Amino acid sequence: MTKKRVYEVARELGVSSKEVLGALEELGMAGLRAVSTLSEEDAQVLREFFRERAAPVVEAPPEPPPAPPKPKGQPRPPVVAVLGHIDHGKTTLLDTIRKTRVAAGEAGGITQSIGAYQATFHGRAITFIDTPGHRAFTAMRARGAQITDIAVLVVAADDGVMAQTLEAIDHIKAAGVPMIVAINKMDKPGANKDRVVQDLAKLGFAPEEWGGSTIMVPLSALTGQGVDDLLEMILLVADMEGISGDPEGELEAMVIESSLDPSRGPVATVIVKNGTLRERDAIVVGSAYGRIRALLDHRGERLPAAPPGTPAVVLGLSAVPPAGERVERVSDPNEARRIAEERVRAEVEARRAVRAPRTFEDLLQAAQAKKLVVVLKAATAGGLEAARHELGNLKADGVELEILHAGIGPVTESDVLLASAEQDMQPLVVGYAVRVEGKAARLAEVRGVPVRTYDIIYDLALDVERALKRLLGPELREVKVGEAEVLKTFDIDGVGRVAGCTVRSGRVVRGARVRAYRDGKEVFVGEIASLKRFADDVREVQAGRECGIRVRDWNEVQPGDTLEIYTVEEVPV
Ligand code: GDP
């Protein structure tokens, strides 16, 4: 007896897999998934169920329920990225889908590569980002924008899980987007699907047949066999995730690719995730701005409006914005220009800014707990394990260490990107007995990501430990600079109590810290608010001299009190 998968029955019944899963739950078969297999009997029960449901209702129609509040969003095309090891078939898969699924009538037309295209399956659109690979994926994410809704991980069945497969998985995990595995090259004689499944299961991605939740679709990007199943799964995941957008809502759109065209000027492909982008809109994209002269689709045709889930080429910007930059709509082009110029100015100033001297409070704030994220590379599997083990032994209270990715080979651009995408944490890329690729080094400089390589594991671990400690905040040390004795006090209107002192030893420095003692007991700790000699404000007063000291927020100072003056310094790590 033939077994059918849930989504196949759904297709046969002309309903979505989600509806079939709902029906199965009503029929007491909860917990199934779209790729689960059904016996012929169960499939039959389902057919009955849907037939009954479709039967005309004889009794009087019930009162129409009150209209539900208009939902804010509605399903929109999911945005899909394809990742995986080199030569496993990412480009072939994207090409095959483009050839077979880009709306009829377009075939034969000149499709231009704009960085994304929209395929249609079962009358629904899916947007594919057609720059394959995790570098592009993470480059977009590095600017804080999450463009991709679903990641497709391509693994060749004749090759299995390889280094870049692992890397891609780490990138997908870091992005937190759902993943579908495409087990490719099933047409090849050497294809071994089970090995891929086992490898992935070992990494914690068990397929549904094994009780796991990872969707895996065997296919051949070359022959096209199984590609429809993949599209089906993409739509299913999109439904499950409730991927939606509101065409009337606030604009949320990001750049995925950009270039300078000799005749058209700056060209940027953007994907709209919410709201609608229209021709003539005034926009700001990072430090670029302009009024949209034209919006084009991937066939180079005019697109007056781009609703949620749509990729579009934008013409009319003042400069080429980088991938991952957000598109913001403003009221008019002058406003756009003002904002963009303001940003350029702020950027220049930030670069010039000299670090202001830090106050004690700044130092204390720096001691707040944070997280150190590390990308670790090593020349061999053994070296990687040893380094990972060493890092696992490191501890620093209050600071967390997370190995974002560990892989074999030189430090690449992709490693730097991955590290720099974690914006709120301190990134660090370390290599054990490996080199740093030139591009990676340049990117690290631009992004401000520290990259270090070591020939000795011990040194590597020591440096990571130092970085952890640095995150803990600097170790602070009090340095005593002098001592003063209070001779008299004066209460001054609007100012507070001033202590007339003689400096017994060292010196008194304006802005320094004070610890006050009375009869040998500490009575107050604070800061010198003002320091005067006769009527003049002074910076410091040496031993043997007299001065007036006002301690901030303390009006209880008395003659006979001893004031210990000290400063707080960082202990270098
Ligand atoms: P990418 O590096 O992941 O983008 O891989 P490509 O798409 O460039 O594919 C690498 C090679 O594998 C090419 O020679 C493709 O023709 C071949 N290839 C890709 N998919 C399949 C497939 O499903 N079956 C077979 N037999 N070859 C494939």
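Numbering (this note's numbering), first residue to last: 21 to 593.
Heads up, the beta-carbon is just placed ideally off N, CA and C, and yes, glycines get one too.
Remember, predicted model here, so these are calculated numbers, not experimental data.
With distances taken between CB atoms, is the gap from residue i to residue j smaller than 8 angstroms?
{"i": "alanine 504", "j": "arginine 524", "result": "yes"}
{"i": "glycine 451", "j": "threonine 473", "result": "yes"}
{"i": "glutamate 433", "j": "alanine 343", "result": "no"}
{"i": "arginine 408", "j": "isoleucine 428", "result": "no"}
{"i": "arginine 538", "j": "asparagine 575", "result": "no"}
{"i": "valine 364", "j": "valine 334", "result": "no"}
{"i": "histidine 108", "j": "alanine 176", "result": "yes"}
{"i": "threonine 658", "j": "alanine 241", "result": "The requested residue 658 is not part of the displayed model; the chain covers only 21 to 593."}
{"i": "leucine 392", "j": "alanine 487", "result": "yes"}
{"i": "glutamate 345", "j": "glycine 306", "result": "yes"}
{"i": "histidine 105", "j": "threonine 168", "result": "no"}
{"i": "leucine 421", "j": "valine 395", "result": "no"}
{"i": "alanine 453", "j": "glycine 403", "result": "yes"}
{"i": "glycine 568", "j": "glycine 520", "result": "yes"}
Could you tell me the distance, in whole angstroms, from the CA atom of residue i to the CA atom of residue j?
{"i": "serine 440", "j": "isoleucine 303", "result": "27 angstroms"}
{"i": "isoleucine 170", "j": "alanine 188", "result": "13 angstroms"}
{"i": "glutamine 578", "j": "valine 506", "result": "7 angstroms"}
{"i": "leucine 678", "j": "lysine 489", "result": "As displayed, the chain neither begins before 21 nor continues past 593, which places residue 678 out of reach and without an answer."}
{"i": "glutamine 245", "j": "leucine 239", "result": "6 angstroms"}
{"i": "alanine 308", "j": "glutamate 270", "result": "20 angstroms"}
{"i": "glycine 232", "j": "alanine 226", "result": "4 angstroms"}
{"i": "arginine 71", "j": "threonine 243", "result": "36 angstroms"}
{"i": "proline 328", "j": "glutamate 410", "result": "47 angstroms"}
{"i": "proline 331", "j": "alanine 136", "result": "6 angstroms"}
{"i": "alanine 211", "j": "aspartate 259", "result": "31 angstroms"}
{"i": "valine 65", "j": "alanine 43", "result": "10 angstroms"}
{"i": "proline 97", "j": "alanine 356", "result": "29 angstroms"}
{"i": "alanine 401", "j": "aspartate 479", "result": "19 angstroms"}
{"i": "serine 279", "j": "aspartate 178", "result": "37 angstroms"}
{"i": "glutamate 39", "j": "arginine 53", "result": "11 angstroms"}
{"i": "arginine 322", "j": "valine 340", "result": "21 angstroms"}
{"i": "proline 7", "j": "isoleucine 263", "result": "Given a span of 21 to 593 for the chain in the structure shown, any question on residue 7 remains unanswerable."}
{"i": "arginine 572", "j": "glutamate 590", "result": "23 angstroms"}
{"i": "valine 449", "j": "glutamate 485", "result": "13 angstroms"}
{"i": "leucine 47", "j": "isoleucine 235", "result": "23 angstroms"}
{"i": "aspartate 317", "j": "isoleucine 117", "result": "17 angstroms"}
{"i": "aspartate 266", "j": "leucine 58", "result": "36 angstroms"}
{"i": "alanine 159", "j": "alanine 273", "result": "16 angstroms"}
{"i": "valine 172", "j": "aspartate 115", "result": "14 angstroms"}
Only counting the same chain, and skipping five residues up and downstream in sequence, which positions put a Cβ closer than 8 angstroms to that of residue i?
{"i": "arginine 533", "result": "Phe380, Glu498, Val545, Gly546, Glu547, Ile548, Ile585, Tyr586, Thr587 and Val588"}
{"i": "arginine 300", "result": "Arg311 and Ile312"}
{"i": "serine 56", "result": "Arg25, Val26 and Glu228"}
{"i": "alanine 221", "result": "Pro227, Trp230 and Gly232"}
{"i": "threonine 151", "result": "Gly135, Ile276 and Glu277"}
{"i": "glycine 531", "result": "Glu547 and Ile548"}
At which residues does the alpha helix (DSSP H) containing residue i begin and terminate?
{"i": "glutamate 433", "result": "433–440"}
{"i": "methionine 253", "result": "247–261"}
{"i": "leucine 404", "result": "401–412"}
{"i": "glutamate 45", "result": "37–46"}
{"i": "valine 216", "result": "213–222"}
{"i": "aspartate 115", "result": "110–121"}
{"i": "glutamate 299", "result": "Segment: none, glutamate 299 is in no alpha helix (DSSP H) and carries neither H nor E."}
{"i": "alanine 461", "result": "458–467"}
{"i": "glutamine 184", "result": "183–195"}
{"i": "lysine 489", "result": "477–491"}
{"i": "alanine 30", "result": "26–33"}
Whose C-beta lies closer than 7 angstroms to the C-beta of residue i among residues of the same chain, with five residues either side of it excluded?
{"i": "valine 456", "result": "Pro430, Val431, Val471 and Thr473"}
{"i": "glutamine 166", "result": "Ala195"}
Is residue i near the ligand COA, judged by its Cβ being under 7 angstroms from some heavy atom?
{"i": "valine 247", "result": "By its list of ligands, the structure shown excludes the ligand COA, since it contains just the ligand GDP."}
With a threshold of 6 angstroms on Cβ separation, who are the neighbours of residue i within its own chain once the five nearest residues in sequence on each side are excluded?
{"i": "arginine 467", "result": "Ser440"}
{"i": "serine 550", "result": "Arg570"}
{"i": "arginine 161", "result": "Ala195 and Ala441"}
{"i": "leucine 491", "result": "Lys390, Leu392, Val419 and Gln446"}
{"i": "glycine 125", "result": "In this prediction, glycine 125 has a pLDDT of 47, which is less than 50 and means its spatial position is unreliable; what the coordinates show is noted afterwards. Once the five neighbours on either side are set aside, glycine 125 has no close Cβ partner at all."}
Provide the residue span of the beta strand (DSSP E) that contains residue i, from first to last.
{"i": "glycine 285", "result": "285–294"}
{"i": "aspartate 266", "result": "Aspartate 266 -> no beta strand (DSSP E), and no H or E assigned at all."}
{"i": "isoleucine 235", "result": "235–238"}
{"i": "alanine 171", "result": "170–176"}
{"i": "leucine 335", "result": "331–335"}
{"i": "arginine 572", "result": "Looking at the DSSP string, arginine 572 is not in any beta strand (DSSP E), and its letter there is neither H nor E."}
{"i": "glycine 427", "result": "420–428"}
{"i": "alanine 273", "result": "272–281"}
Three or more beta-carbon pairs under 8 angstroms between the region 346–356 and the region 438–453, yes or no?
no
Please confirm if the region 97–114 is in contact with the region 187–202, defined as three or more CB-CB distances below 8 angstroms between the two stretches.
Proximity of the region 97–114 to the region 187–202 meets the contact definition, three or more beta-carbon pairs being nearer than 8 angstroms.
I'd like to know if the region 558–566 and the region 512–532 are in contact, where contact means that at least 3 CB-CB pairs between them fall below 8 angstroms.
yes
Contact between the region 250–266 and the region 134–148: three or more CB pairs below 8 angstroms?
Taking a contact to require three or more Cβ pairs closer than 8 angstroms, the region 250–266 and the region 134–148 qualify as touching.
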